[in-house]
Every structure is written in structure tokens, then in C-alpha cells.
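Counting from 1, position 198 in the sequence shown corresponds to residue 198 in UniProt numbering; the numbering is continuous, with no gaps. Glycine included, every Cβ here is placed at the ideal spot set by N, Cα and C. Heads up, the thing below is written out as C-alpha cells.
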Amino acid sequence: MASAPHSPLPVQLTTARPTVDGDHTGTHLGRAARRGELVRLHRGIYTDAERWSDAPPWERSTIATVAAAHRSPPPVFCRESALLLHGVSLLEPPRDVTVRTRRSPEAGVRRPAATFRRDVPPPHPLRHHEAPLPAGMSRPERRDALIRGDRGLEQTVLPPDAVPWCPGPEEGLRVEPLPLALLDTIPRMSRPAAVAALDSVARGSRLVDGPVGEEDLLAWDGFLRTKKARRRWESCWAFADADAESVGESVSRVLMDQWGLEPPQLQVRFVVDVDGGSRVRVDFHWPERGIVGEFDGLAKYQKPELLAGRRPEDVVVEEKLREDALRRLGLRVVRWVWADLRHPTRLRDMLLAVGVPFRG
């Protein structure tokens, strides 16, 4: 359960191409890869080995996805890779780059060549999926329609700077429409991962094309072909809440619901006596019990835009003063971190210890 990267450094992707003198840059790029200076992410597409090695897992997943957009012909991204490019918050960085294929023999995993340095993480595999089936069409009919050209792969084009720090090709990045990517992916996810993604969609703040509503999904509803997929989708969609402001908060909500705990109010404001009186907002509040809960991610201590010129240790002191002020209001405060979500019984015991009740 990782958090997204903060302020990524720019990434330079280099594509092999013919030169005016009849040579080909792929020869020189291949030699640089063998020397360990570059990493071949996909055929003919390279990046700096040190930059790739130093990048956190979230950045590497994004770099590998954008690099695949430079392939020829350009792929149509689907499932987790499509959600990533649409700006949806995911619980885990995708381990594969997921794209659509028009032909069934092409479905499967294409693993890139190994790197020439043991200390450099391997590139991400390219996983081809057949096109999703709409209602009323069989798989053979869908394949025939794609081969004949009667029906193309559903897609939209995001601008080249959809990922500003790792620019895509000039013609943009081809992805499945967000409603289709959601309907095709959410039923396949674990409930925590699905709710985290849909909470992000409900917020809409990080999405390239804005929030998605019921009306946006109606046109794609036929892609929920099985009762199981529909039940999972409807359950997660109904549970989604725009007030859950982070993946960690979303996972916490799911765990509380699974344990049968009373659902909290989200993002509640209090007036406290800090700096002469100020308003603070807490992640979770059980008003009848006088309990507030806070998921403490690392972003507030790492992201420059959230630090706003302060040192991380200054933020720690501010959080302590804020918590003390909440306690002076007579509130019981419980805080948890990612480690507690990785061992969820620890969080359950913490919540029960401060008096969070089960649903009545």
C-alpha cells in the first residue's frame, strides 16, 4: 500500500529512429543500454538508467506506461494503465502496462529484455487484453468486427502533457474512455482498491477529464455483462464518498465497514484554541462517542506544496499542538498510519480501545 510520488523530476524518453545519413540511432542506444547507461523500456524506447533506478515504484509505473505510448502503432491503454493516465488514485502501482489488442493470438504478456545491470529494476511487462465485450455480442463476433474494421477499439485521446513530468507523443495518449475503464476494472479489484479508485473519481480533483457521474456511465452500462460484476460494481459505487481525501482514508473506511463498526462522519471541522483560535478538519468523527480519527500519511511531511516552506519537524510540532487542542475539547483522538493498514487487526484494536462502537 504505497503512496503516490511527490514532485517527480522530469523524465527524458529517447526513441530509436533512422538518421539522415542512413544510420539508425537504435544501434547507439542499444550500445548505451549494454553499457548500463540506458534502460530499454520497450522496443526502441529508452530512458536514463540512473533516473529509472532512483524512481519510486509509482513513478516507474507511470514512466513505463507513457513510454509504451511512443510505440508504433500507438497502443490503446486499458484497465489499470488507463485509470493511471486518467489520474485515478490507485491503491498499488500497476506492475504491468495494460493495452488492448484486436487479435486473440496477441493476447498475453510481452516481457521486455532484461537490463544489463543487476542494480537496475527490470522494465514493466506489456500485457495485451482482448477488447471488452458489449452486451449482445459474442467474443467471436467481436473479434471478427475488429478484424474487418467494422468496429474499432473504444478510445479517447489525452493530451501529450497529461503526465507533465513525462511527456507523451505529440499525437497524445490513447486510452479507453474513463467510464469504460472503470466498469471493466473495478469489478476485478479487491474492495479496498476499488473503493479507493471510486473515491478518487467522486472527488474529481485529480482527473484529467473531470468527475464521472451516473449519466456518464449509462452509455457503457452494457459492459457489465455478469451478475457478479454488476453486484461488485454497484456495491463499490454506492460506497464511494468524495469526502475520503486519500487512498489511506478509503482503505480505512472499507476495513471499518468490514468489521461492522459504526460508520464515521468524514472531514468534520472544529474550532480549536491554536494561534488565538482556528478551524481544523479531522478525517473521521464519531459524534455520539466524542471520538475523532486521523489517518496520518507521509504526504504532509514530504510534498513541498503541502509543506509550504516549512520543515517536516515543524509540521510534526503543529500536528501535536492540533491534537492537544482537540483533546481540550473533550474529544478522544486516535491516529493510524500505513503500517496499521498493512496489519489491519492492529487498527481494529486501536479503534475499539477508544470506544468506536459496532453498528447497532
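| request: Alpha carbon to alpha carbon, how far is Ile291 from Asp241? Give it in angstroms, no decimals. | output: Asp241 and Ile291: Cα-Cα distance of roughly 20 Å.
| query | Quick check: the segment 81 to 94 against the segment 56 to 72, are there 3 or more CB pairs under 8 Å? | reply | Taking 8 Å as the limit for Cβ pairs, the verdict is that the segment 56 to 72 does touch the segment 81 to 94.
| field | Backbone CA spacing between Ala113 and Pro18 [nearest angstrom] | value | Distance from the CA of Ala113 to the CA of Pro18, rounded to the nearest whole angstrom, comes to 22 Å.
| said: Give me the residue from Ser246, Pro74, Val272 with the minimum Cα distance to residue 412. | reply: A question about residue 412 goes unanswered here, because the residues of the chain that appear run from 1 up to 360.
| field | DSSP bridge partner residues for Asp48 (one or two, in chain order) | value | According to DSSP, which records beta bridges pairwise, Asp48 is partnered with Leu38.
| task | For the alpha helix (DSSP H) containing Trp336, list its first residue and its last residue. | result | Where Trp336 is concerned, there is no enclosing alpha helix (DSSP H), although the beta strand (DSSP E) around it starts and stops at 332 to 336.
| said: Using the three-state DSSP reduction, which class does Gly136 fall into: helix, strand or coil? | reply: Residue state, collapsed to three classes: coil.
| message | Taking 8 Å as the limit between beta carbons, can you name the residues of its chain near Trp233, skipping five residues before and five after? | response | Leu183, Ile186, Pro187, Leu224.
| said: Measuring alpha carbon to alpha carbon, tell me which residue in Gly168, Gly152, Gly149, Tyr46 is nearest Leu158. | reply: Looking at Gly168, Gly152, Gly149, Tyr46, the one whose alpha-carbon comes closest to that of Leu158 is Gly168.
| said: Under DSSP, the alpha helix (DSSP H) around Phe239 begins and ends at which residues? | reply: Residues 227 to 239.
| From this set, Gly293, Leu331, Arg359, Gly330, which residue's C-alpha is nearest Leu347's C-alpha? | That would be Gly293, whose Cα lies nearest to the Cα of Leu347.
| query | Which residue spans inside the segment 143 to 227 form an unbroken alpha helix (DSSP H) run of at least 4? | reply | Within the segment 143 to 227, the alpha helix (DSSP H) runs of at least 4 residues that lie entirely inside it are, in chain order, 178 to 185, 191 to 203, 214 to 218.
| message | Just to confirm my understanding: we take Ala244, look at its own chain, exclude 5 residues before and 5 after, and list those with CB closer than 7 Å. What are they? | response | For Ala244, same chain residues with a beta-carbon under 7 Å away, outside a window of 5 residues either side, are Asp199, Ser250, Arg253, Leu266 in chain order.
| For the putative contact between Ala131 and Arg118, defined by C-beta atoms under 8 Å, what is the C-beta separation to the nearest angstrom? | The pair is not a contact, with the Cβ atoms about 38 Å apart (cut-off 8 Å).
| task | Give the secondary structure of Leu306 by DSSP, where H, G and I count as helix, E and B as strand, and everything else as coil. | result | At Leu306 the pLDDT is 45, less than 50, meaning the model places this residue with poor confidence; the figure from the coordinates comes in the next sentence. Reduced to three states, the DSSP call for Leu306 is helix.
| message | Applying the 10 Å Cβ sphere with the 16-neighbour rule, what's the burial state of Asp349? | response | With fewer than 16 other Cβ atoms within 10 Å, it is exposed.
| message | Please return the same chain residues whose Cβ sits closer than 6 Å to the Cβ of Leu307, not counting the five positions on each side in sequence. | response | Caution applies to Leu307, whose pLDDT of 41 falls short of 50 and renders its modelled position unreliable; the value that the coordinates give is listed next. Within the same chain, Leu307 has no close Cβ partners at all.
| said: Looking at the secondary structure, which residues open and close the beta strand (DSSP E) in which Ser278 lies? | reply: DSSP places Ser278 inside the beta strand (DSSP E), whose first and last residues are 278 to 286.
| said: Strictly by DSSP, which residues pair up with Glu92? | reply: Partner(s): none; Glu92 has no beta bridge.
| request: Keeping to the same chain, check which residues put their C-beta closer than 6 Å to that of Trp52; ignore five residues upstream and five downstream. | output: Answer for Trp52: Val39, listed in chain order.
| field | Backbone secondary structure at Glu323 - three-state DSSP | value | In the three-state scheme derived from DSSP, where H, G and I count as helix and E and B as strand, Glu323 is classed as helix.
| message | Per DSSP, what are the beta-bridge partners of Gln265 in this structure? | response | Gln265 is bridged by DSSP to His285.
| message | I need the DSSP call for Gly293, collapsed to helix, strand or coil. | response | In the structure shown, Gly293 sits in a strand (DSSP, three-state: E or B).
| With DSSP run on the structure shown, which of helix, strand or coil describes His86? | Residue state, collapsed to three classes: helix.
| said: Considering only their Cβ atoms, is the gap separating Ala68 from Leu41 smaller than 9 Å? | reply: Contact: yes.
| query | For Tyr301, does the three-state DSSP call read helix, strand or coil? | reply | Confidence at Tyr301 is low in this model, with a pLDDT of 41, below 50, so the placement of that residue is unreliable and no value is reported for it.
| First and last residue of the alpha helix (DSSP H) that includes Gly248? | Segment 247 to 259, the alpha helix (DSSP H) holding Gly248.
| When DSSP builds the beta bridges, which residues end up paired with Arg127? | Answer is Thr98, Val109, bridged to Arg127.
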